[in-house]
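In our numbering, the protein residues as written are 218 to 541.
We treat Cβ as the ideally placed atom computed from N, Cα and C, and that holds for glycine.
Since the structure comes first, as structure tokens, the remarks are kept for the end.
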Amino acid sequence: MDHTLHILVTVPFKEHHMRRLREAAGRDAVVRQTNAAAGSDRMRELLREADVVIGEPAPALLAEGTPVRWVQMTWAGTDLYTRGDVPFPEGVRLTNVAGTAYGHIISQYVVGQVLAIAQNFPAYVRLQERRRWQGVGPVMSLEDAQVLILGAGDIGTCTARRLQGFGVRCVGVCRDTSVPRPHFHELVTLDEAEEYLASSHVVVNCLPNVDQTVRWLDERRLRAMRPGSILVNVGRGNFVDCDALARVLAEGHLRGAALDVTEPEPLPADHPLWGEPRCVITPHQAGGAFGKSEGTEEHICNVCCENLRRFVAGEPLTHVVHVR
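Take a look at the structure:
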């Protein structure tokens, strides 16, 4: 390279992570860290001096014209740049951390929610708040249950692996069913997945946001789900029709649902799902990273360091996102 490499980090990596990033970038690089909440003027000023950004700068600021040649996201989802109103700058490379960073922690969330609903824990929490000692009915056994996991990538595979100990049968949904994937008993396409709703005791969504997945789980498919089954959504909020879900839950068709993502996000204060006892809502926390999960931060740093090393060496980057 014919000039000093300037790297801007806009996420709160800890100091030991920053040392690793500096080592990966090389002694001749300048690595600067800033707060993602910095004002637009300050961020605009920093981007004018950056060749590489680690983080998620506002699309509008990138579109103004900067020397930035590569954006390394710390998220798995890329909607900010691939499905937004502002086009991602042409000629700028984009990478993320999908398939590596979040599976271990999001799958833990999924299993926790499935077990909680199966064991009636949300109902018992409400009873404890009222100081009442009272049974709420039968539990749901996972032994020999079928789990339909929409998305057989990192998150789905980790979820299937964690569920194996309960004796379940996992059906994974993916584009290419010809390639074997560990921990799944069967692989089907999204077009075929509807046939498995009626026989699945648990349905988990961890698919990304693409045109084919928007409102896929509509009222018709929700009613096609097995009576007394469990739904967990950790993919994208627009996968599930939340209005329809509220109606189906109120009628008692499903045992329960756990939503870490919704559409819109957050739901309006008067949305019936807030008061639905069969629904658990969390504020997009399943894949928490900075300040929430040290393991996830470590995975993210590993990807960033490896790609920095590759960028400096002129080697192909990993986790490449094809914007167009």
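Mapping DSSP to helix, strand and coil, what is C387?
Within the sequence shown, numbered from 1, the residue matching residue 387 stands at position 170. Of the three classes helix, strand and coil, the one that applies to C387 here is strand, per DSSP.
Taking the alpha-carbon of V602 as reference, which of R526, L476, R443 has the nearest alpha-carbon?
The requested residue 602 is not part of the displayed model; the chain covers only 218 to 541.
Are the CB atoms of W287 and V309 nearer to each other than 8 Å?
Within the sequence shown, the letter at position 70 stands for residue 287. Within the sequence shown, the letter at position 92 stands for residue 309. Closer than 8 Å, so yes.
Could you say which of P399, G382, G389 lies nearest to T406 if we only look at CA atoms?
Counting from one through the sequence shown, the residue named residue 406 turns up at place 189. Checking every option, the nearest Cα to that of T406 belongs to G389.
Report yes if the CB atom of V356 is closer than 8 Å to the CB atom of Q336, and no otherwise.
Counted from its first residue, the sequence shown places residue 356 at position 139. Counted from its first residue, the sequence shown places residue 336 at position 119. Their beta carbons are under 8 Å apart, which means V356 touches Q336 by this criterion.
Buried or exposed for R244, please, with buried defined as at least 16 other CB atoms from any protein chain shown within 10 angstroms of its CB.
Taking the sequence shown and counting its residues from 1, one reaches residue 244 at position 27. By the 10 Å Cβ count, R244 comes out exposed.
Quick check on this structure: which residue in T376, V465, T394, Y413 has the alpha carbon closest to the alpha carbon of C423?
Within the sequence shown, residue 423 is the residue found at index 206, counting from 1. With distances taken between Cα atoms, C423 lies closest to T376.
Closest by CA to E480, which one among H536, H501, R349?
Counting from one through the sequence shown, the residue named residue 480 turns up at place 263. Ranking H536, H501, R349 by Cα distance to E480 puts H501 first.
Would you say the region 520-532 touches the region 249-260, given that touching needs at least three Cβ pairs under 8 Å?
Verdict: no, contact absent.
Taking the alpha carbon of M290 as the reference point, which residue from R437, G512, A506 has its own alpha carbon closest?
Residue mapping note: residue 290 aligns to position 73 of the sequence shown, counting from 1. M290 has its Cα closest to that of A506, out of R437, G512, A506.
Work out the CA separation of G454 and S324 for me, nearest whole Å.
Position 107 of the sequence shown, counted from the start, is the residue given in the question as residue 324. Position 237 of the sequence shown, counted from the start, is the residue given in the question as residue 454. Near 17 Å, if we compare the C-alpha coordinates of G454 and S324.
Name the residue from H470, L462, E514 whose alpha carbon lies nearest to the alpha carbon of W491.
Here residue 491 refers to the residue found at position 274 when the sequence shown is read from its first residue. Measuring from the Cα of W491, the nearest candidate turns out to be L462.
So what's H233 in DSSP terms, helix, strand or just coil?
Indexing the sequence shown from 1 puts residue 233 at position 16. Note: H233 maps to helix in three-state DSSP.
To the nearest whole angstrom, what separates the beta carbons of W350 and V314, a pair I think is in contact under 8 Å?
Residue mapping note: residue 350 aligns to position 133 of the sequence shown, counting from 1. Residue mapping note: residue 314 aligns to position 97 of the sequence shown, counting from 1. So it is not a contact: roughly 46 Å between Cβ atoms.
Thinking just about the alpha-carbon of each residue, which of R259, Y326, R265 is nearest to the one in V478?
As a working note, residue 478 is residue 261 in the sequence shown. Measuring from the Cα of V478, the nearest candidate turns out to be Y326.
Which term fits Q381, buried or exposed, when burial requires 16 or more other beta carbons within 10 angstroms of its beta carbon?
Numbered from 1 along the sequence shown, position 164 holds the residue referred to as residue 381. Flag for Q381 reads exposed.
Which same chain residues end up closer than 6 Å to P489 when comparing Cβ atoms and leaving out the 5 residues on each side of it in sequence?
In the sequence shown, the residue the question calls residue 489 occupies position 272. Closer than 6 Å at the Cβ level, and outside the excluded window around P489, lie A463.
Could you round the C-beta distance between V269 and L222 to whole angstroms and report it? I think they count as a contact, below 8 Å.
Along the sequence shown, one-based indexing puts residue 269 at 52. Along the sequence shown, one-based indexing puts residue 222 at 5. That pair is a contact at about 7 Å.
Do L297 and P276 count as a contact pair if the criterion is CB distance below 8 Å?
Taking the first residue of the sequence shown as 1, we reach residue 276 at position 59. Taking the first residue of the sequence shown as 1, we reach residue 297 at position 80. A contact, by the Cβ cut-off of 8 Å.
Taking the straight line between their C-alpha atoms, what separation do you get for D371 and D393?
Stepping through the sequence shown from its first residue, residue 371 is reached at position 154. Stepping through the sequence shown from its first residue, residue 393 is reached at position 176. Each residue's Cα considered, the two are about 15 Å apart.
Since H470 and R432 should fall inside the 8 Å C-beta cutoff, what is the C-beta to C-beta distance between them, to a whole number of angstroms?
In the sequence shown, the residue the question calls residue 470 occupies position 253. In the sequence shown, the residue the question calls residue 432 occupies position 215. Wrong, their Cβ atoms sit about 18 Å apart, outside the cutoff.
Roughly how far, in whole angstroms, is the beta-carbon of Y341 from the beta-carbon of V328, given that I think they are within contact range, below 8 Å?
Here residue 341 refers to the residue found at position 124 of the sequence shown. Here residue 328 refers to the residue found at position 111 of the sequence shown. With 8 Å as the limit, Y341 and V328 do not qualify as a contact, their Cβ atoms being about 18 Å apart.
By Cβ distance, which residues of its chain are closer than 8 Å to A415, with the 5 residues on each side in sequence left out?
Working through the sequence shown from its first residue, we reach residue 415 at position 198. Excluding sequence neighbours, A415 sits near A441, M442, R443.
Compare the Cα-Cα distances from D361 to each of N426, F338, H516, R386 and report the closest residue.
Against the sequence shown, residue 361 aligns to sequence position 144. The shortest C-alpha separation from D361 is found at R386.
Roughly how many whole angstroms lie between the Cα atoms of D487 and R495?
In the sequence shown, the residue the question calls residue 487 occupies position 270. In the sequence shown, the residue the question calls residue 495 occupies position 278. Distance between the alpha carbons of D487 and R495 is about 17 Å.
Give me, in chain order, the residues of the same chain whose beta-carbon lies closer than 8 Å to that of H516; leave out the 5 immediate sequence neighbours on both sides.
Within the sequence shown, residue 516 is the residue found at index 299, counting from 1. So the qualifying residues of the chain are V314, T317, A318, Y319, H321.
With the cut-off set at 8 Å, would you say I334 and G473 are in Cβ contact?
Residue mapping note: residue 334 aligns to position 117 of the sequence shown, counting from 1. Residue mapping note: residue 473 aligns to position 256 of the sequence shown, counting from 1. Taking 8 Å as the Cβ cut-off, I334 and G473 qualify as a contacting pair.
So, is Q363 buried or exposed, given that buried needs 16 or more other C-beta atoms within 10 angstroms?
Taking the sequence shown and counting its residues from 1, the one referred to as residue 363 is at position 146. So Q363 counts as buried.
Only counting the same chain, and skipping five residues up and downstream in sequence, which positions put a Cβ closer than 8 Å to that of C518?
By 1-based counting over the sequence shown, the position of residue 518 is 301. Closer than 8 Å at Cβ, skipping near neighbours: F230, H234, R237, L238.
Using the three-state DSSP reduction, which class does R464 fall into: helix, strand or coil?
Looking up residue 464 in the sequence shown gives position 247. Reduced to three states, the DSSP call for R464 is helix.
Thinking C-alpha only, which one of V538, E493, C522 is nearest R343?
As a first step, residue 343 must be located in the sequence shown, where it is residue number 126. Nearest C-alpha to R343: E493.
Spatial neighbours of P483 within its chain, please: C-beta separation below 8 Å, excluding the five flanking residues on both sides.
Translated into the one-based positions of the sequence shown, residue 483 becomes position 266. For P483, where only same-chain residues beyond five positions count, the Cβ hits under 8 Å are P500.
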